[in-house]
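**Q**
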Amino acid sequence: MFGAPVSEGTVAAAAGRASTGLKGFLELVRGRIVAAPVVNFDETGFRVAGKLHWVHSASTGKYSLITVHAKRGTKGMDHAGVLSEFTGIAVHDAWSSYDTYSRVTHALCNSHLLRELQAVADLASAGATWCWATQVTDALLELKKLVATAIDSGIQHIDAVLAARQTRLLRTAARLGARQNHARSTKIMAKHHALARRILDRHDDYLWFTTDFRVPFDNNAAEREIRMVKLRQKVSGCARTLTGARQFTATRSYLATAAKHGITFFDALVQLAEGQPWLPATQ
33 MFGAPVSEGT
43 VAAAAGRAST
53 GLKGFLELVR
63 GRIVAAPVVN
73 FDETGFRVAG
83 KLHWVHSAST
93 GKYSLITVHA
103 KRGTKGMDHA
113 GVLSEFTGIA
123 VHDAWSSYDT
133 YSRVTHALCN
143 SHLLRELQAV
153 ADLASAGATW
163 CWATQVTDAL
173 LELKKLVATA
183 IDSGIQHIDA
193 VLAARQTRLL
203 RTAARLGARQ
213 NHARSTKIMA
223 KHHALARRIL
233 DRHDDYLWFT
243 TDFRVPFDNN
253 AAEREIRMVK
263 LRQKVSGCAR
273 TLTGARQFTA
283 TRSYLATAAK
293 HGITFFDALV
303 QLAEGQPWLP
313 ATQ
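Residues in the sequence shown are numbered consecutively from 33, following the working numbering.
#1: Assess contact between the segment 304-312 and the segment 73-85, defined as three or more Cβ pairs (one per stretch) separated by less than 8 Å. Is contact present?
#2: Report yes if the CB atom of H235 is closer than 8 Å to the CB atom of R203, and no otherwise.
#3: Starting from N142 and walking both ways along the alpha helix (DSSP H), at which residues does that stretch end?
#4: Would you mind giving the Cβ-Cβ distance between S96 and A288, rounded to the nearest angstrom? I have them listed as a contact below 8 Å.
#5: Decide yes or no for the touch test of the segment 204-224 against the segment 178-195: beta carbon pairs closer than 8 Å, at least 3 of them.
#6: Out of curiosity, what's the CA-to-CA distance linking F259 and K266?
#7: Can you tell me where the alpha helix (DSSP H) with S268 in it begins and where it stops?
#8: Where does F57 sit, in a helix, a strand or coil, going by DSSP?
#9: How is T76 classed by DSSP in three states: helix, strand or coil?
#10: Any idea if G108 is buried or exposed, counting beta-carbon neighbours within 10 angstroms, 16 or more meaning buried?
#11: What are the boundary residues of the beta strand (DSSP E) that T99 is part of?
#12: Give the DSSP bridge partners of T137, in chain order.
#13: For the structure I just gave you, are there three or more beta carbon pairs, one from the segment 63-74 and one from the segment 113-124, closer than 8 Å?
#14: Out of D170, A210 and F57, which has the shortest C-alpha to C-alpha gap to R197?
#15: Would you say A171 faces chain B, with C-beta separation under 8 Å as the test?
#16: Alpha carbons only, please: which of S143, Y133 and D233 is nearest the one belonging to V114?
#17: Buried or exposed: where does L155 fall if 16 or more other Cβ atoms within 10 Å of its Cβ makes it buried?
#18: Would a C-beta distance cut-off of 8 Å place A291 and F297 closer than the cut-off?
#19: Would you mind working out which of A44, T283 and T92 sits nearest G56, comparing C-alpha positions?
#20: Buried or exposed for Q167, going by 16 or more other Cβ atoms inside 10 Å?
#21: As a quick exercise: from T106, H144 and I183, pick the residue whose alpha carbon is nearest that of A20.
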């Protein structure tokens, strides 16, 4: 900002002091997220000290908690300290580790599902007039429209008749998809069969957004939380140490949460540098 040169050591020392001052903030945010009715979760790879680590995010419309761990699965999730205590609705992708948390109600991301369905449709035989994956996609998007219409009209539920019709189309297509790929003679067929079976077996998890309007159609909110992590890796390649990576995710949790409360990054960082980090108001 002022054109004054700053040594790497000064920056590292400042980052260390800042993250140390965030312990109370992080515990407060973790508690607020655990107590929330609906939370978005995601994870992404992050290079630390030359090895693949994983950044885990847990977030709501007001709070963000971002952590880093050597493991992607339950060890990394337990380290974050949210899913092990959470009992609300968890919105996430179909990564199997999330399913080990039995006290949680699971809502699966439909954006991930739409991408998988598009991949199936792209491999459909040339000239085919119908594809089971396309019918599932169309039904999902129609259900999304029904929810949007109900919300815009101030109604707390969608039209039951129209919802039943789209749900029937979705399940019928998925059953046909499972039948078409039942032989599983190739890896592609096995993958498509598994997708169709997941749609059938986890039908309620994919359609939570139709019965509880607090639940989003997708998990885009969680993906936004880790976007800065991917940008950091694109610019600098990796974090040189796990300590540095944890300082970065702690500061990122602080700034993302502050932004959700209308606090600018600069103001939040000034308060943090002065040893009095911004804290969200008492609920």
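Every residue, glycine too, gets a C-beta built ideally from N, C-alpha and C. Because the structure is a prediction, the values reported are computed rather than measured.
**A** Short version:
#1: These segments do not touch.
#2: Against a cut-off of 8 Å, the Cβ pair of R203 and H235 comes out as a contact.
#3: N142 to D154
#4: 4 Å
#5: no
#6: Per the sequence shown, residue 259 should be read as Arg rather than Phe. For R259 and K266, the distance between alpha carbons rounds to 11 Å.
#7: R259 to S268
#8: Three-state DSSP puts F57 in a helix.
#9: Three-state result, T76: strand.
#10: buried
#11: Note, T99: beta strand (DSSP E), S96 to H101.
#12: I121
#13: yes
#14: The alpha carbon of R197 has as its nearest neighbour, out of D170, A210 and F57, the alpha carbon of D170.
#15: In the structure shown, chain B does not exist; there is a single protein chain.
#16: Y133
#17: exposed
#18: yes
#19: T283
#20: With 16 or more other Cβ atoms within 10 Å, it is buried.
#21: Past the edges of the chain, shown from 33 to 315, lies residue 20, and the structure says nothing about it.
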